[in-house]
Amino acid sequence: MAGEDVVVVEETVPGTIDMKVTTKKPISFYVRSAKSFFTGVGKEGEEKKEPCCILNISGLGEAINTAVAAAVAVESEGLAVIKSIETSYPDMTSGRGCARIL
1 MAGEDVVVVE ETVPGTIDMK VTTKKPISFY VRSAKSFFTG VGKEGEEKKE PCCILNISGL
61 GEAINTAVAA AVAVESEGLA VIKSIETSYP DMTSGRGCAR IL
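Note that this note's numbering gives residue 66 to position 66 of the sequence shown, counting from 1, and the numbers run on in steps of one.
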């Protein structure tokens with residue numbers, strides 16, 4: 001998969017996807033990815049995946065802005081509604097805490 005853009009997602013419950021954003025890719029990449037989860041994704045010639053019902057977007061530290069931008073973008077286009085916003089300050093392996101939004 002060298003050279004391809006990949007979004008880290010986990011499907012813990014059918015219809016629910018957890019998307020973890022970072023600062024390694026531009027905000028527009030995550031906005032497009034979030035939108036595609038609600039409209040259904042698929043490459044040409046392949047079967048299209050079904051749209052998800054719930055998308056949990058999370059970001060740590062400087063990626064919080066990216067997570068918020070992706071969530072606001074899907075809501076502004078009418079694809080989803082933001083149901084809840086959670087913030088926390090979890091302990092990290094380095095011993096220091098880091099701000100998180102979910």
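Ideal Cβ positions, reconstructed from N, Cα and C, are used throughout, including at glycine.
- Message: Mapping the DSSP letters down to three states, classify K24 as helix, strand or coil.
- Response: Translated into positions along the sequence shown, residue 24 becomes position 24. The answer is coil: DSSP assigns K24 none of H, G, I, E or B.
**Item:** CA-to-CA distance, S28 to V68, given in whole angstroms
**Value:** As a working note, residue 68 is residue 68 in the sequence shown. As a working note, residue 28 is residue 28 in the sequence shown. Approximately 12 Å, taken between the alpha carbons.
Coil, strand or helix - R96 by DSSP | The residue labelled residue 96 in the question sits at position 96 within the sequence shown. Looking at R96 - three-state DSSP - the assignment turns out to be coil, as it is neither helix nor strand.
For P14, would you say it is in contact with chain C, using Cβ-to-Cβ distances shorter than 8 Å as the test? Annotation note: the requested chain C is absent from the structure, which comprises a single protein chain.
Could you name the residues that DSSP lists as bridge partners for V72? The residue you call residue 72 lines up with position 72 of the sequence shown. Paired residue(s): none; V72 is not in a bridge.
Neighbour-count burial assignment, Y30, 16 or more Cβ in a 10 Å radius: Your numbering for residue 30 matches position 30 in the sequence shown. By the neighbour-count definition (other C-beta atoms within 10 Å, threshold 16), Y30 is a buried residue.
Per DSSP, cross-strand counterpart(s) of S58: By one-based count along the sequence shown, residue 58 stands at place 58. DSSP lists K20 as partners of S58.
Worksheet entry | Through-space distance from Y89 to K24, alpha-carbon basis | Along the sequence shown, one-based indexing puts residue 24 at 24. Along the sequence shown, one-based indexing puts residue 89 at 89. K24 and Y89 have their C-alpha atoms some 21 Å from each other.
- request: Measure the Cβ-Cβ separation of I101 and I64 and say whether it is below 8 Å.
  value: As a working mapping, residue 101 is identified with position 101 in the sequence shown. As a working mapping, residue 64 is identified with position 64 in the sequence shown. Yes; because the gap between Cβ atoms is below 8 Å, this pair is in contact.
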